[in-house]
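Residue numbers (my numbering), protein chains in the order written: chain R, 1 to 254; chain F, 1001 to 1136. We treat Cβ as the ideally placed atom computed from N, Cα and C, and that holds for glycine. As the structure is a prediction and not an experimental result, all values here were calculated from the model. To start, the structure under review is shown below, and the notes come after it.
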């Protein structure tokens, strides 16, 4: 594992790729894609709402869960997975917050309300709180091993809400519409205009690239912090030893 | 040591159970987020003057704007419910669309004070000819 204070070449390229694809998404979303027959221009919020939800729920929390499971499994247990899980969850919470915010604005425009307690919105709010709780659990003081193990268990448990959020629009009556794409029954015939679908797809790709870039940076920072903490510990131990040595020497001479 | 660990597990289980209870209690409400117009009519006696959400399609040609109020007919599974709504309907409100209303039965009609416009999962371009259609 090599970590330096500067990002590596591949990460820089990743950054440029995500910037370019985000810019392209903006052009597609704001200029090229058509307004919706019912929603008009507000349909353009779709190209932010769905990619941020995808990034947060499936990618970020998915990676957090996978990394946590790998930490819990003895054969793959390492500090690397714990730090990855934490870094990914932070990005997930940020983007789930954005999903809720953009969804709320979109809801005000199309439904007429900022918020309503239907199953999709309720389960998503619960998911947000669960992962905030996970980030809090990560900070509860304990030995690094206990901290990591405890967090990993919470992360795996919190992920149980993701399939519930996903299925909420099918299991219960909701104001939120069911899935347009990613639904097995409509997989080959999504009820969405071509240019809109392509914009959405590009948005999902762009936000996935952005996630990878953010994760690389957040992980590197976490790794450096971790090393710094170890270093502080070593220095403190050395200082203690030196002090002890000095006082012994003082006792001998006196 | 064993005791602390056991206690931690117990605390975890209790927290999870409480959370699960809250979620399903909340969702119990959310499962009944709305009653369709025909269900509401069938449950008319039990519902009484209670506040609830009703869902259905706005019947074409039934919308009348009178001062501050709007009257229209709501339909679901060929059961119709006359609606009197207080206040301005939302911007996207129009005949033919599915809506969810908040309010209560009052005599022979449903007195609504909030209209939520339902959106379907289909996205259709306003001017399809403006962009060459490509199937994904």
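Of all residues in the region 92 to 116 of chain R, the ones placed with a Cβ closer than 8 Å to any Cβ belonging to chain F are 109, 110, 111, 112, 113, 116, in chain order. Within chain F, 1121 have C-beta atoms less than 8 Å from the C-beta of residue 178/R, given in sequence order. Under the Cβ distance rule, residue 1126/F counts among the residues neighbouring chain R, one pair being separated by less than 8 Å.
The beta carbons of residue 57/R and residue 96/R sit about 7 Å from each other, so the pair counts as a contact at 8 Å.
Not one beta carbon of chain F lies nearer than 8 Å to the beta carbon of residue 141/R.
Under the Cβ distance rule, residue 193/R counts among the residues neighbouring chain F, one pair being separated by less than 8 Å. Residue burial is scored here from C-beta neighbours: residue 138/R has at least 16 other C-beta atoms within 10 angstroms and is therefore classed as buried. Taking residue 1069/F as the centre and dropping the five residues before and after it, the same chain places the C-beta of 1084, 1085, 1086, 1087 closer than 8 Å to its C-beta, in chain order. Only exposed fits residue 1008/F, as fewer than 16 other CB atoms lie within 10 angstroms of its CB. For a Cβ distance threshold of 7 Å, residue set 175 of chain R lies close to residue 1118/F, ordered along the chain. Within the DSSP secondary-structure output, residue 1080/F pairs in a beta bridge with 1075/F. Excluding the 5 residues flanking it on each side, residue 176/R has same chain C-beta neighbours closer than 7 Å at 118, 120, 121, 169, in chain order. Interface residue (Cβ-Cβ distance to chain F less than 8 Å): residue 54/R is not classified as such. When Cβ-Cβ separations below 8 Å define contact, residue 1054/F makes no contact with chain R.
Using a Cβ distance threshold of 8 Å, residue 219/R and residue 55/R do not count as a contacting pair. In this chain, the beta strand (DSSP E) harbouring residue 1105/F covers 1098 to 1106. Contact with chain R is absent for residue 1010/F, since none of that chain's Cβ atoms lies less than 8 Å from the residue's Cβ.
Around residue 195/R, the same chain offers 32, 33, 34 as residues with beta carbons nearer than 7 Å, after the five sequence neighbours per side are excluded.
Using a C-beta cut-off of 8 Å, the region 1056 to 1068 of chain F makes contact with the region 1086 to 1102 of chain F, since at least three inter-stretch Cβ pairs fall below that distance.
For the 8 Å CB-CB criterion, residue 161/R and residue 127/R form a contact. Comparing alpha-carbon positions, the option among 8/R, 130/R, 20/R, 198/R lying closest to residue 1123/F turns out to be 198/R.
Within the model, the alpha-carbon separation for residue 1118/F versus residue 210/R is close to 32 Å.
Counted as a single uninterrupted DSSP element, the alpha helix (DSSP H) harbouring residue 156/R occupies residues 144 to 158. Across the set 1103/F, 1063/F, 1011/F, the C-alpha of 1103/F shows the shortest separation from the C-alpha of residue 1116/F. Uninterrupted beta strand (DSSP E) stretches at least 3 residues long and entirely within the region 1035 to 1061 of chain F occur at 1052 to 1058, given in chain order. Residues of chain R whose Cβ lies closer than 7 Å to the Cβ of residue 1115/F are, in chain order, 112.
Residues of the region 23 to 57 of chain R that bring their beta carbon within less than 8 Å of a beta carbon in chain F comprise 32, 33, 34, 35, 36, 37, 38, 39, 40, 43, 46, in sequence order. If the five residues before and after residue 99/R are omitted, its C-beta is found closer than 7 Å to the C-beta atoms of 49, 52, 53, 56, all from its own chain and listed in chain order. Comparing C-alpha distances from residue 230/R to each of 144/R, 68/R, 17/R shows the shortest one belongs to 144/R. Of all residues in the region 1095 to 1115 of chain F, those with a C-beta nearer than 8 Å to a C-beta of chain R are 1097, 1100, 1114, 1115, reading in chain order. With contacts defined as CB atoms closer than 8 Å, residue 1105/F and residue 1047/F qualify as a contacting pair.
Residue 1099/F sits buried, since 16 or more C-beta atoms from the chains shown fall within 10 Å of its C-beta. Beta-bridge partners of residue 1109/F (DSSP): 1106/F. Residues of the same chain with a CB within less than 7 Å of the CB of residue 104/R, apart from the 5 flanking positions on each side, are 114, 115 in chain order. Contact of residue 1034/F with chain R is assigned, a C-beta pair being separated by under 8 Å. If you draw a straight line from the Cα of residue 87/R to the Cα of residue 221/R, it comes to about 9 Å.
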